[in-house]
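Engineer: A single structure is presented below for examination.
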Amino acid sequence: MVKVKANDIDEGSNAQIKYRISSLTKPEFIRLFTLDPITGWIHVQWEVDYEIHKKIILTIEANDGGSLPRSTTCIVEITVLDENDHSPELHFEPAHLTNYALVPENEKPGRLVAVFTAQDKDSGDNGRVSCRLAETRKWTFDTQNKEKLESLLLNPTEILFSLQQMHMPFSIIYKLTTASSFDREFISKITVWITCSDYGIPPRNSTGSVAVRISDVNDEPPIFSQTHYYFNINENTEIGTIINKINATDPDEGTASACECTPMVEKKRGFLRRDFECDEMARSKTILKGTYPATKLVSLYKTKYSSRQSNADKYPPSVNSDCVSPVDMYMSNHMSQKNRKNGENAKLTFWLSGQNANYFDVNKVTGYLTVQKLLDRELINELRFQIHAADNGMPSLNSSADITIIIQDVNDNPPSILNKIEFYILENHTASLAIGKITAYDADIGRNAEITFTLIQCIAYGLNTFNSSDSIVHESYENYLSNKKNFSQSLEIMYT
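Position one of the sequence shown corresponds to residue 1 (full-length UniProt numbering), numbered consecutively onward.
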């Protein structure tokens, strides 16, 4: 690096000179260099850092070879030149904002997000720093709508954040502020990347990031999976029976919709329920085998319900069976609302309203819809009412959906005779000719209302025949009777 040289006007060994670094030199300087004792060359032994030592002073001592050596010293002053060996450093204030910041959704632009200083340990242009926002496409976004995000990133005029420099006496400070309003239901988190560069040749760069969470505001009402629910239920269903679990979701923070249907059988009453994940349209068959009285083949239909479904699916849950069984079965079409995050804005409360709502009850927390009163199809065959859901936000938002319950017939009514059965015939009535017609009525419907007639007993002078399908009584043969006597006969007829 540098050579020192001393002269001695003596001769011989008295003029032979050796060099060494004097003990008057600071120890941290001594370890950085070596000195050749013969040539006087000073060499760098350890890396010299400008940021630690900008000027180094070495005291060099020269000694001759005389019996009584004489010495002299000189000062070597070394100026360390700066090299652009440091990248800018970002320091966020306060420190907890280094990786996390909160911005409420719908907040007006200009909200302060983060403050940081940018420093470079180098000097001159090597230590001058400027910062800028990295390209938006290099940021990371948590979003539920990737197509909309792609369109946003392709728009060069859309500015989400602004970075401004504040000139302070002893440091350079930058502040990051919002330049747009945000919708948490669109973007819930943004990682903003910042690039800082010095003015060295070549320049050195460094990057820092701020994770910005968009905090939720209660700006979305609950949404039912359908605008109109249709369910089938048998009349005389036991009070407390679960009809369905109504699904409602809130796009605000704190919920995620799911449809669960898991096969489950109650051992005591033999009720069949389902509660398994319904993430796609599917059809599965489950064969329930056992001892007497029945073997059931049940077809389950499961459907995915979108959290924003607008059209009504008018297909009530159903059970298809290949044989008649006394096992009481019903399906719990388990459309559930799950809270996977904590958030009052998405916690829902359910209630019913409408003229027929008193027939049913809904659990205000779970949304389970149950029977509250006995249902008689012969009195009313269809019930309409509304279900409502409200969130716990401030202020609270709510929405509603229509429910139609279709009462299915059960064979709970015996046939009844509409009129008094009393027939009059003339003597010498021709055999096989109709005597009269019996009319019966069943309040049930369908097959439950189809009536057949059976002649159980006939007390008379002769036997009669009875047509079970047309309920007309015919004479089996001619009874020759005297018109001078009153005549009557008794028929016992069973109608089912």
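A virtual CB, placed ideally from N, CA and C, is assigned to each residue, including glycine. These figures come from a predicted structure and were not determined experimentally.
How many Å lie between K148 and S215 at the Cα?
Structural biologist: Rounded to the nearest angstrom, the gap between the Cα atoms of K148 and S215 is 20 Å.
Engineer: By Cβ distance below 7 Å, which residues in the same chain neighbour G240 in space, the five residues on each side in sequence not counted?
Structural biologist: T370, V371
Engineer: Between the C-alpha atoms of F33 and R213, what's the straight-line distance to the nearest angstrom?
Structural biologist: When rounded, the distance between both Cα atoms is 53 Å.
Engineer: Whole angstroms is fine: what's the gap from M168's alpha carbon to N345's?
Structural biologist: C-alpha separation (whole angstroms): 42 Å.
Engineer: Does the Cβ-Cβ distance between L90 and I194 come in under 8 Å?
Structural biologist: yes
Engineer: Can you list, in chain order, the residues of its chain whose CB lies under 6 Å from that of E158, leaving out five sequence neighbours each side?
Structural biologist: L152
Engineer: If we ignore side chains and look at the alpha-carbon of each, how far apart do Y50 and I78 end up?
Structural biologist: 11 Å
Engineer: Excluding five sequence neighbours on each side, which residues of the same chain lie with their C-beta closer than 8 Å to the C-beta of Y229?
Structural biologist: Excluding sequence neighbours, Y229 sits near N244, I246, A312, I387, A401, D402, I403, T404.
Engineer: Would you identify the three-state DSSP class for N234, choosing helix, strand or coil?
Structural biologist: strand
Engineer: Per DSSP, A114 is paired with what?
Structural biologist: L176
Engineer: Consult DSSP for C259 and reduce its assignment to one of helix, strand or coil.
Structural biologist: Unreliable placement is indicated for C259, whose pLDDT of 34 sits below 50; the coordinate value is still reported in the next sentence. In this structure, C259 counts as coil in the three-state DSSP scheme.
Engineer: Quick one: what's got a C-beta closer than 6 Å to N411's C-beta in the same chain, skipping five residues either side?
Structural biologist: D444, N448
Engineer: For a test of the three-state rule: what should DSSP assign to K26, helix, strand or coil?
Structural biologist: coil
Engineer: First and last residue of the alpha helix (DSSP H) that includes L153?
Structural biologist: 146 to 153
Engineer: To the nearest angstrom, how far is the alpha carbon of R31 from that of H43?
Structural biologist: 11 Å
Engineer: Quick check on the burial criterion: 16 or more other C-beta atoms within 10 angstroms. Buried or exposed for K347?
Structural biologist: Burial is judged here by how many other beta carbons sit within 10 angstroms of a residue's own beta carbon; K347 has at least 16 and is buried.
Engineer: Which residues in the same chain have their Cβ closer than 6 Å to the Cβ of N63, if we skip the five residues on either side of it in sequence?
Structural biologist: Correct list, in chain order: K18, P69, S71.
Engineer: According to DSSP, A449 sits in a beta bridge with which residue or residues?
Structural biologist: Answer is none; A449 lacks a bridge partner.
Engineer: Whose C-alpha, out of S416, I417, L24, V80, is nearest the C-alpha of C74?
Structural biologist: L24
Engineer: At least one CB of chain B closer than 8 Å to the CB of G354: is that the case?
Structural biologist: The chain inventory of the structure shown lacks chain B, comprising one protein chain alone.
Engineer: Are I56 and L35 closer than 8 Å when you measure CB to CB?
Structural biologist: no
Engineer: Could you pull out every residue in the same chain whose Cβ sits closer than 7 Å to the Cβ of P37, ignoring the five residues on either side in sequence?
Structural biologist: K18, Y19, R20
Engineer: By a C-beta neighbour count over all protein chains shown, 10 Å radius and 16 as the cutoff for buried, is Y452 buried or exposed?
Structural biologist: The residue asked about is misnamed: residue 452 is Thr in this sequence, not Tyr. Exposed.
Engineer: Given a cut-off of 8 Å, decide if N106 and S171 are closer than it, judged by their beta-carbon atoms.
Structural biologist: Not in contact: S171 and N106 (Cβ atoms no closer than 8 Å).
Engineer: Among R132, G66, T349, F385, which one has its Cα closest to the Cα of F360?
Structural biologist: F385
Engineer: Taking the continuous beta strand (DSSP E) assigned at M168, which residues delimit it?
Structural biologist: That residue, M168, is in no beta strand (DSSP E); it is neither H nor E in DSSP.
Engineer: From N358 to N398, what does the alpha carbon distance come to, in whole angstroms?
Structural biologist: 21 Å
Engineer: Nearest to T249 by alpha carbon, out of L58, D120, V365, S13?
Structural biologist: V365
Engineer: T349 by DSSP, collapsed to three states: which one?
Structural biologist: In the displayed model, T349 falls within a strand according to three-state DSSP.
Engineer: Would you tell me roughly how many angstroms separate the C-alpha atoms of N428 and T454, rounded to the nearest one?
Structural biologist: Distance between the alpha carbons of N428 and T454 is about 26 Å.
Engineer: Would you tell me roughly how many angstroms separate the C-alpha atoms of E378 and T349, rounded to the nearest one?
Structural biologist: 34 Å
Engineer: What's the gap between the Cα of T117 and the Cα of S123?
Structural biologist: C-alpha separation (whole angstroms): 17 Å.
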